[in-house]
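Taking it in order: structure first as structure tokens, then the write-up.
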Amino acid sequence: MQVKSRHHLRSDAISEIEEMLSEQLGVSPEGDTYERVEFEATDWEVVLIDGEPQVAFFDEEPFLTVRGANAYDPEKHVVTVDSGAISFVSDGADVMRPGITEATDDISPDDLVLIAEESHGKVLAVGRARVEGSEMVGDEGKVVDSLHHVGDELYEFAG
Numbered sequence: 001m002q003v004k005s006r007h008h009l010r011s012d013a014i015s016e017i018e019e020m021l022s023e024q025l026g027v028s029p030e031g032d033t034y035e036r037v038e039f040e041a042t043d044w045e046v047v048l049i050d051g052e053p054q055v056a057f058f059d060e061e062p063f064l065t066v067r068g069a070n071a072y073d074p075e076k077h078v079v080t081v082d083s084g085a086i087s088f089v090s091d092g093a094d095v096m097r098p099g100i101t102e103a104t105d106d107i108s109p110d111d112l113v114l115i116a117e118e119s120h121g122k123v124l125a126v127g128r129a130r131v132e133g134s135e136m137v138g139d140e141g142k143v144v145d146s147l148h149h150v151g152d153e154l155y156e157f158a159g
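Going by full-length UniProt numbering, the sequence shown opens with residue 1, and the numbers climb by one from there.
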């Protein structure tokens, strides 16, 4: 991915991002440097925290990347999938009800969510919920649209 622009964030912008992530996910990112990076020919915008792409903007909304989620262990907005769903989710597939073992109750339709695997709790993807968290476990239907996953360009980007 070709970098279009890169600049350090002001303290008020950093505070705003930290506040949103604390409210949404119950995490407190910490770093000495925060840089916002925009890319050519893509809508991705990333915040590097100490050089690591830990926050991305999805429709102007800051949210943890897969790397960021695995660095901070979020407790909210998490959808857990079984081992049978891992390869599909890791390849960028949308998440279907049969693969979900649980979802936190704080999820509403259109919320950004983290998709984690059940055995180790590692986050595999970021997606957008289609239904309430309480309605995610079931027998059929697509319930999360995938936006970013392990191995995609954003995941592979190194600051």
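Cβ atoms here follow ideal geometry from the backbone N, Cα and C, with glycine treated the same way.
Limits of the unbroken beta strand (DSSP E) element including residue i
i      : result
Glu102 : Ile100 to Ala103
Arg128 : Val123 to Ala129
Val3   : Val3 to His8
Glu45  : Glu45 to Ile49
Reference residue i, options the options, closest by Cα
i     : options                         : result
Ala71 : Ser90, Asp50 and Val79          : Asp50
Ser90 : Ser119, Leu124 and Leu154       : Leu124
Ser11 : Asp73, Asp32, Val27 and Asp43   : Asp32
Gly68 : Thr101, Glu40, Asp139 and Gly26 : Gly26
DSSP bridge partner residues for residue i (one or two, in chain order)
i      : result
Lys142 : Met96
Val137 : In the DSSP output, where bridge partners are listed per residue, Val137 has none listed.
Phe58  : Glu61
Ala116 : Thr80 and Val123
Any chain C beta carbon closer than 8 angstroms to residue i
i    : result
Ser5 : Structure shown: chain C not included; a single protein chain is present.
For residue j and residue i, the rounded distance between their alpha carbons
i      : j      : result
Ala103 : Ser146 : 15 angstroms
Glu30  : Ala56  : 15 angstroms
Glu95  : Val150 : Note that residue 95 corresponds to Val in the displayed sequence, not to Glu. Cα to Cα, Val95 sits roughly 14 angstroms from Val150.
Glu19  : Pro98  : 34 angstroms
Leu64  : Tyr155 : 11 angstroms
Val143 : Lys122 : 20 angstroms
Ala85  : Ala93  : 9 angstroms
Residue i - containing alpha helix (DSSP H), residue span
i      : result
Arg36  : Looking at the DSSP string, Arg36 is not in any alpha helix (DSSP H); the run it does join, the beta strand (DSSP E), is Tyr34 to Phe39.
Gly151 : Note, Gly151: premise wrong, no alpha helix (DSSP H); not H, not E.
Val66  : Val66 to Tyr72
Per the contact definition of three or more C-beta pairs closer than 8 angstroms, is the stretch 125 to 135 in contact with the stretch 98 to 115?
yes
With a cut-off of 8 angstroms, do at least 3 Cβ pairs link the stretch 2 to 11 to the stretch 30 to 42?
yes
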